[in-house]
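In our numbering, the protein residues as written are 1172 to 1423.
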Amino acid sequence: MLLIRPTWGVPNGVHAAMTTRLGGVSVAPYDALNLGYATADNRASVMQNERLTTAALGVPEADLRWAYQVHGVDVHHAESLPANTPLGATEIKGDAIVSHTAGLVCAVKVADCMPVLFAARDGSAVGAAHAGWRGLSGGVLERTVAALNVAPEQLIAWMGPCIGPAAFEVGAEVRAAFVAHDPRATQHFVPRETAGKFLCDLYAIARQRLHAIGVTDVTGGEHCTFTQSDLFFSHRREPITGRMAAFVWMAR
1172 MLLIRPTWGV PNGVHAAMTT RLGGVSVAPY DALNLGYATA DNRASVMQNE RLTTAALGVP
1232 EADLRWAYQV HGVDVHHAES LPANTPLGAT EIKGDAIVSH TAGLVCAVKV ADCMPVLFAA
1292 RDGSAVGAAH AGWRGLSGGV LERTVAALNV APEQLIAWMG PCIGPAAFEV GAEVRAAFVA
1352 HDPRATQHFV PRETAGKFLC DLYAIARQRL HAIGVTDVTG GEHCTFTQSD LFFSHRREPI
1412 TGRMAAFVWM AR
């Protein structure tokens, strides 16, 4: 199994990782480490992938905290979410989770959208957000920072792998959604030859929005889930595909 471990200067008691598609038991088109219970993959395979992942992370499966992601902006506190059930199945909708309790693992699933992980410099709080363009434009990062209840300058953020700026083509409505919030977002959209189409840099937009609220220690943004097919699932590349997951927690 290949896990991506952020290099982001957090305290020793804070742990984080993101899965790739490598190291699981699922077969094509979900090969191999698919963690998406909502896909049509064999459920036994997804359950085994989850067990393999928690073993690699060194955490009990029951400590995972998930929400049913809907490309929105709702944030949940891990302390109020139920213990993990097989496949992370839950009806509680939300796109970000924060924790102030050691041992509870904030987790989000992605396959082109951006996972953004947060940690307080003093190790008192962590959080994970699922930021596709809808959630990002709607303010999911800002709401996650608010829920952490830590001064923004005391937070560290890591942007996990998402679809990159050379691959994410969007329409004018996506550009308009970001520019309406901050006209400076215009610089992160490159016009295409086709009228009304743009290449969108989600990493740059996320960094800009975090900086605007005082979170300036932001790392990550080196990968592209669309082009790096050997490492990542991508819904844009293959609509029938698996899901990766990103995790952050404070050790007990």
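For every residue, glycine included, the Cβ atom is placed at its ideal position computed from N, Cα and C.
Source: prediction; values computed, not measured.
Asked                                                                                                                                                 : Found
Could you please give the first and the last residue of the uninterrupted alpha helix (DSSP H) stretch that includes T1315?                           : 1311–1319
What first and last residue would you give for the alpha helix (DSSP H) that runs through M1218?                                                      : 1214–1228
How big is the Cα-Cα spacing for G1303 and R1423?                                                                                                     : 31 Å
Taking three-plus beta-carbon pairs below 8 Å as touching, is the segment 1237–1245 in contact with the segment 1259–1270?                            : yes
Given 8 Å as the limit, is there contact between the segment 1288–1304 and the segment 1325–1338, that is, 3 or more CB pairs closer than that?       : yes
Opposite W1179 in the DSSP bridges: which residues?                                                                                                   : In the DSSP output, where bridge partners are listed per residue, W1179 has none listed.
Who are the near neighbours of A1337 in its chain, counting only those whose CB is closer than 8 Å to its CB and skipping five residues on each side? : L1370, C1395, T1398
Do you know whose CA, among P1410, P1231, H1271, lies nearest A1254's CA?                                                                             : P1231
If I measure Cβ to Cβ from V1281 and keep anything under 6 Å in the same chain, skipping five residues before and after, which residues do I get?     : M1415
From Q1358 to E1409, what does the alpha carbon distance come to, in whole angstroms?                                                                 : 28 Å
State the DSSP-derived secondary structure class of T1357, mapped to helix, strand or coil.                                                           : helix
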